[in-house]
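J.:
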Amino acid sequence: MNVVVVESPAKAKTINKYLGNGYKVLASFGHVRDLPAKDGSVLPDEDFAMSWEVDTASNKRLKDITEALKGADSLILATDPDREGEAISWHVLEVLNKKKALKDKHVSRVVFNAITKKSVLDAMANPREIDTPLVDAYLARRALDYLVGFNLSPVLWRKLPGARSAGRVQSVALRLVCDRESEIERFISEEYWQISADLKTPRGEGFTARLTSHDGEKITKMSVANGDLANKIKDMLDGASFVADSVEAKPTRRNPSPPFTTSTLQQAASSKLGFNASRTMQVAQKLYEGIDIGGETVGLITYMRTDGVQMAPEAIEEARTAIDARFGARYVPEKARLYSSKAKNAQEAHEAIRPTGFERAPDELKKYLDPDQLKLYDLIWKRATASQMASAEIERTTVEITASKDGKTAGLRATGSVIRFDGFIAAYTDAKEDGEQSDGDGDDDARLPEINAREALAREKINSTQHFTEPPPRYSEASLIKKMEELGIGRPSTYASTLATLRDRDYVVIDKRKLIPEAKGRLVIAFLENFFERYVEFGFTADLEEKLDRISAGELAWKDVLREFWTQFHAHIDDTKELRVSQVLDALNEALAPLVFPVREDGSNPRICPTCGTGNLSLKLGKYGAFVGCSNYPDCNFTRQLSADQNADGEASLSNEPKDLGKDPHTEEPITLRTGRFGPYVQRGDGKEAKRASLPKGWAVDSIDHEKAMALLSLPRDIGQHPESGKMISAGIGRYGPFVLHDGTYANLETVEDVFSIGLNRAVTVIAEKQAKGPGRGRGTPTALKALGDHPDGGPITVRDGKYGPYVNWGKINATLPKDKVPAEVTVEEALEMIAAKAAASGKKTKAPAKKAAAKAKPKAKAAAKKPAAAKKPAAAKAKKD
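Each step along the sequence shown adds one to the number in full-length UniProt numbering, with nothing skipped, and position 275 is 275.
Next up, the structure:
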């Protein structure tokens, strides 16, 4: 018997079928050890000794592996073929050696790039030892991330309250987003005009030509800077005669892009499918681990964490055969295409992402895949297939035209292209959307009619259109990933988790698929750029990544890299101990001036307090983060949020000054719309006694008028007396959303609008439904949305919907679902991984409630319970073993 260790139970099940009865395949459920989230897990003064901790769930997995090894001949470590997979195998081996579970058993490491029978059996026939340099690179990366996080984050907590964390890669990614926002704020729009002519050939076919010169001067995008010049040129062209000077048709070839890497897959899935990076990797993981295809579980794609762009020779041949069969011999190039990565620090030891079988076309798998799986597989299959297809043959035509009037001339140009042979475009189009190379060059993709040199052209219309330059666009997840890869920051396998961390820390928000930095995120980056500039420099981070790669290649010693980093970093941390909060605020006021002190419409000094008129505004640090306050505090109580709410187009939706909404008809007090430390709100009257009401979630600032403000300020609203108790039922908006209240019983309402419209009968029903659920905090135990079956350790696993969103429940462990995960689509394998991760993070003991109850029912356990306290331990141990 041979024991095989893989990461996930889904892989274990599939691989066990391939290997047969002589093997027992067990899952480690990912990493079995990690650095405890506390000081002292990495000790630089003790030659970077690392203290690893095994959580309760992993202890169970390791115990199962140890038990299986008792009657086994060998241990085969078959975790994923990357740095993390190598590390998991190393951890398992380390723990088993400490347990003395191996003795004289043979240990080997195997890797396979696809979960197919052939790949797995080939790997088993070619075992190797643990790749020590790869493990060293993992240890260096893990130690670096720990040392940065656990030393830099406390500095943020002390000097910048409200900031949650800083990270080696996370902070540099955040800087990219914040730098782009600063560019947008500094951007000054410029006017320019574009001039074109709608012309016709003698045969009556129309086309458009753009102005390229006027009176002997070349016209560029910004040359026509005002309407006067535009009108002057337009008047000249309106009366001009047009002649085609030359017509040049040039054949060209367009080559396909390489198969997907992790980052290019994430980019294409974002652009074409609307998937975020996390969702893309979750779906790809399922395709990799295996799908039931007609009774057989098969991995449909190769390993999806890679920055290699080349396919295996046998896969290339298979692709060429499939192309011949599906598209025809002309679509197969004479020689196989070979690719190399242009990304900085790319490691090309692994294959690109490709189908495990090119004969499995997407349309043939439709009945086996869910919609997301089908979309992603279709994308991967088409891109990999196109990568080995013939080039597209395109004819690009350029027509130079002269316009003449009264001795004055102007030049115009018309361009277009015709696809003479579609080649790879027959399989995969629009690489432009993937954030990579373009499939077209603007107007070149327009088709031109037949135009002959020296023939006269008829003028139909002269177009003169005003434009304004636009600021650089905010990053999307796809474009940010592309930028990080170009700079050599992080690794493809970490991009999804890095972006998720930025969202979870409330450092960025995603609006219309654009990443917008929150005020908290901009504060953190401004602080780091002022006081830890070196550690958020793109070049420094990329150089460190390169050193980690050199460790993987066996060229550098990992502890030497750590020593070099730690010496300088630790000294920098020590220097900040004397840093005063006033110094921090002065630096942030300067660095974030456009954000903290936006220009006022009346042109007045944005740093003068609008309330008292004499105090200076400045950033203040409170328990919950930064806000803007007046220097005359406490005499002046003016405060506001750090920034106005902004939409995805960068437009402020609430000015910094109170907005007059009218007066209360009963009291004649002014009603105003304002923004404060905790967001926008409406206010009636002035001073400390003024009535205030925050805007409910989902209410846009620009939608607030006098009627809505009055409705908010009138809350809580009396609905009527309860028919049984005679006590009043009221409706309002509280900390946890809209509600109705009767005699101390709160019941949630579905929408904010219900607060203003709910009638007495409905309110009585809602109250009764809440009371029927019985006592308890909140809603009590939520009803299960989906039952997933029993946990391997006993006890049911369910998906439930809680106050803070859907989650997986097992016993006392609740693991929140990712934001993009549909509760009904959660599988038992995903649930087990989330439960294990939650248990590891919280340190909870993963005891199964069902087993525990069963154990108590046994006579021996009952008898043990009657014995003195000292005798309970053996009995409890026995019960757990049973």
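Note that CB positions come from ideal geometry on N, CA and C, so glycine has one too.
Fair warning: this is a prediction, and the values are worked out from it, not measured in the lab.
I'd like to check one pair, A839 with A57: are the Cβ atoms closer than 9 angstroms?
T.: Their beta carbons are under 9 angstroms apart, which means A57 touches A839 by this criterion.
J.: Using DSSP with H/G/I as helix, E/B as strand and the rest coil, what is R61?
T.: It is helical.
J.: With a threshold of 16 other CB atoms inside 10 Å of the CB of A857, please say whether the residue is buried or exposed.
T.: Residue placement at A857 is poorly supported in this model, since its pLDDT is 40, which falls under 50; the coordinates are not used for a value here.
J.: How big is the Cα-Cα spacing for I293 and E364?
T.: Rounded to the nearest angstrom, the two C-alpha atoms are 10 angstroms apart.
J.: Rounding to the nearest angstrom, what Cα-Cα distance links E826 and L817 in this structure?
T.: Glu is not the amino acid found at residue 826; the sequence shown has Val there. Each residue's alpha carbon lies about 9 angstroms from the other.
J.: Assuming I813 contacts V155 (C-beta within less than 8 angstroms), just tell me the rounded distance between them.
T.: Not quite, the Cβ-Cβ distance comes to about 33 angstroms (not below 8 angstroms), so this is no contact.
J.: Quick check: the region 188-205 against the region 167-177, are at least 3 beta-carbon pairs closer than 8 angstroms?
T.: No, because fewer than three Cβ pairs between the region 167-177 and the region 188-205 fall closer than 8 angstroms, the two stretches do not touch.
J.: Work out the CA separation of A453 and P473 for me, nearest whole Å.
T.: The alpha-carbon atoms of P473 and A453 are separated by roughly 41 angstroms.
J.: What number of angstroms, rounded off, separates the C-alpha of S8 from the C-alpha of E833?
T.: So the alpha carbons of these two residues sit roughly 8 angstroms apart.
J.: Measure the alpha-carbon distance for D73 versus K577 and round it to whole angstroms.
T.: Taking the straight line joining both Cα atoms gives about 57 angstroms.
J.: Beta strand (DSSP E) containing E395: first to last residue?
T.: First-last of the beta strand (DSSP E) with E395: 392-405.
J.: Going straight from the alpha carbon of V32 to that of D55, what length do you get?
T.: Cα to Cα, the separation comes out at about 7 angstroms.
J.: Cutting at 6 angstroms between CB atoms, please list the residues of its own chain near F187, excluding the five before and the five after it.
T.: Closer than 6 angstroms at the Cβ level, and outside the excluded window around F187, lie P471.
J.: Identify the residues that DSSP records as bridge partners of C630: which are they?
T.: Its beta-bridge partners are L617.
J.: On the three-state DSSP scale, how would you describe D506?
T.: Of the three classes helix, strand and coil, the one that applies to D506 here is coil, per DSSP.
J.: Would V309 and T116 be called neighbours here (beta carbons separated by less than 9 angstroms)?
T.: Contact: no.
J.: Taking 8 angstroms as the cut-off, does the region 520-532 touch the region 599-612 (at least 3 CB pairs, one atom from each stretch)?
T.: The region 599-612 vs the region 520-532: no contact.
J.: Exposed or buried, residue 887, counting other C-beta atoms within 10 Å across all chains shown (16 or more means buried)?
T.: Nothing can be reported for residue 887, as the shown portion of the chain is limited to 1 through 882.
J.: Report the three-state DSSP secondary structure of Q721 (helix, strand or coil).
T.: In the structure shown, Q721 sits in a strand (DSSP, three-state: E or B).
J.: When the distance is taken between beta carbons, is A772 closer than 9 angstroms to I719?
T.: Not in contact: I719 and A772 (Cβ atoms no closer than 9 angstroms).
J.: Expressed to the nearest angstrom, what Euclidean distance is found between the alpha-carbon atoms of R505 and V135?
T.: In a straight line, the C-alpha of R505 is about 30 angstroms away from that of V135.
J.: For H570, is the classification buried or exposed, using 16 other Cβ atoms within 10 angstroms of its Cβ as the cut-off for buried?
T.: When all chains shown are included, H570 counts as exposed.
J.: Please state whether DSSP places V169 in a helix, a strand or coil.
T.: Three-state result, V169: coil.
J.: With a threshold of 6 angstroms on Cβ separation, who are the neighbours of K17 within its own chain once the five nearest residues in sequence on each side are excluded?
T.: The answer is none, since no qualifying residue turns up.
J.: Do L661 and A693 have their CB atoms nearer than 9 angstroms?
T.: No, the pair does not count as a contact, with Cβ atoms beyond the cut-off.
J.: Suppose the cutoff is 8 angstroms on Cβ atoms and the five residues either side in sequence are ignored; what does the same chain contact list for I835 look like?
T.: Once the five neighbours on either side are set aside, the close Cβ partners of I835 are A57, H791, I797, V808, W810, I813, A815, T846.
J.: Given a cut-off of 9 angstroms, decide if L369 and I291 are closer than it, judged by their beta-carbon atoms.
T.: Yes.
J.: Look up E789 in the DSSP assignment and give the residues it is bridged to.
T.: First, the residue type needs correcting, since residue 789 is Gly and not Glu in the sequence shown. Per DSSP, I797.
J.: Only counting runs of 3 or more residues, tell me where the beta strand (DSSP E) segments fall wholly within the region 163-245, in order along the chain.
T.: Complete beta strand (DSSP E) runs here, min 3: 191-200, 206-214.
J.: Pull up the distance between the alpha-carbon of T541 and that of S263, whole angstroms please.
T.: Distance between the alpha carbons of T541 and S263: 18 angstroms.
J.: Label S789 either buried or exposed according to how many other C-beta atoms from any shown protein chain fall within 10 Å of its C-beta, with 16 as the threshold for buried.
T.: For the sequence presented, residue 789 should be read as Gly rather than Ser. Exposed: under 16 other Cβ atoms inside 10 Å.
J.: Going by beta-carbon coordinates alone, are T212 and L448 separated by less than 9 angstroms?
T.: No; because the gap between Cβ atoms is not below 9 angstroms, this pair is not in contact.
J.: Excluding the 5 residues preceding and the 5 following F538 in the sequence, name in chain order all residues of the same chain whose CB lies nearer than 6 angstroms to its CB.
T.: Closer than 6 angstroms at the Cβ level, and outside the excluded window around F538, lie L487.
J.: When the Cα atoms are used, what is the spatial distance from S604 to G613?
T.: Spanning the two alpha carbons is a distance of roughly 11 angstroms.
J.: Skipping 5 residues on each side, what residues in its chain have a beta carbon closer than 7 angstroms to that of E318?
T.: Only F358 meet the Cβ criterion.
J.: What is the DSSP secondary structure of V136, reduced to helix, strand or coil?
T.: Residue 136 is actually Asp in this sequence, not Val. DSSP places D136 in helix when its eight states are reduced to three.
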